[in-house]
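Residue numbers (this note's numbering): 4 to 271. Ideal Cβ positions, reconstructed from N, Cα and C, are used throughout, including at glycine. A short worksheet on the structure shown next.
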């Protein structure tokens with residue numbers, strides 16, 4: 004059965020601490036050589052993923068900002084995607100999330116009451132300090148289209164804030180470094196399910212879906228694929244998925260990605 008792979012970036016394809024993907028490269032290019040779609044499924048922005056794609060010299064579909072939108076390169080696999088909306092001259096896209104202005108309306112209404120600090124309240128130096136990104140990549144991370152990453156002074160208030168968000172048609176998910184204010188109709192699982200449907204329709208065949216992730220925001224994705232893989236996180240722990248069967252990596256970050264993709268290509 005033809006495979007399709009979805010992977011988180013920070014803490015999975017990329018190392019948590021230094022963002023290195025050196026250990027992932029061999030496995031990435033094996034997937035490309037085997038004509039297996041490799042779809043980055045991340046809380047990062049479109050511009051961040053585009054920059055990474057350029058560095059890796061690949062041109063694959065991707066899912067951004069915790070399932071807010073799916074982007075498909077025009078002409079991908081020499082196919083047409085007339086049922087998707089044109090985003091620009093390079094991509095089709097399918098949107099699940101809310102516009103950023105709606106997200107910011109809620110954030111600005113509650114940021115003082117809950118002592119929130121989101122990307123929209125940070126300058127570039129703030130983002131660099133909290134993420135360890137360099138200046139250019141911090142600028143790319145701040146170019147949000149659909150969601151707001153934030154930190155909260157008192158984490159015991161997060162459940163109360165989630166209830167406030169639900170009244171606005173929004174919700175909150177947790178990543179490796181930040182909480183993320185997102186649309187209620189999006190998450191990585193919903194976007195992955197939609198993407199699988201798109202490519203099964205286009206390829207005219209059933210796909211065997213694989214997903215790799217290390218954070219709480221990866222759980223919806225891990226619970227909708229055929230083979231979920233939990234990557235050991237930077238704390239040495241694994242997310243607790245409801246999936247009946249799932250694999251666990253021995254290693255963290257990109258080394259764990261390499262380990263598990265190698266295993267998948269050998270056994271599945």
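- By the Cβ test, the stretch 185-203 is in contact with the stretch 33-49, since at least three Cβ pairs between them sit closer than 8 Å.
- With respect to the 8 Å criterion, residue 262 and residue 254 are classified as neighbours on the basis of their beta carbons.
- As computed with DSSP, residue 75 is found in a beta bridge with 95.
- For residue 154, the closest of 148, 12, 140 and 176 by C-alpha to C-alpha distance is 176.
- Distances from the alpha-carbon of residue 241 to those of 47, 267, 77 and 217 put 217 closest.
- By the beta-carbon neighbour count (other beta carbons within 10 angstroms, threshold 16), residue 85 is exposed.
- A residue is called buried once 16 or more other Cβ atoms fall within 10 Å of its Cβ, and residue 55 is buried on that count.
- Taking 8 Å as the upper bound for CB-CB distance, residue 118 and residue 151 are not in contact here, some 15 Å apart.
- Under the three-state reduction of DSSP, residue 6 is assigned to strand.
- Assigned with DSSP and collapsed to three states, residue 67 falls in strand.
- Secondary structure of residue 144 (DSSP, three-state): helix.
- Counting only residues of its own chain and dropping the five nearest sequence neighbours on each side, residue 167 has a CB closer than 7 Å to the CB of 113.
- In the DSSP annotation of this structure, the continuous segment of the alpha helix (DSSP H) that includes residue 196 starts and ends at 191-206.
- Beta-bridge annotation (DSSP): residue 89 is paired with 95.
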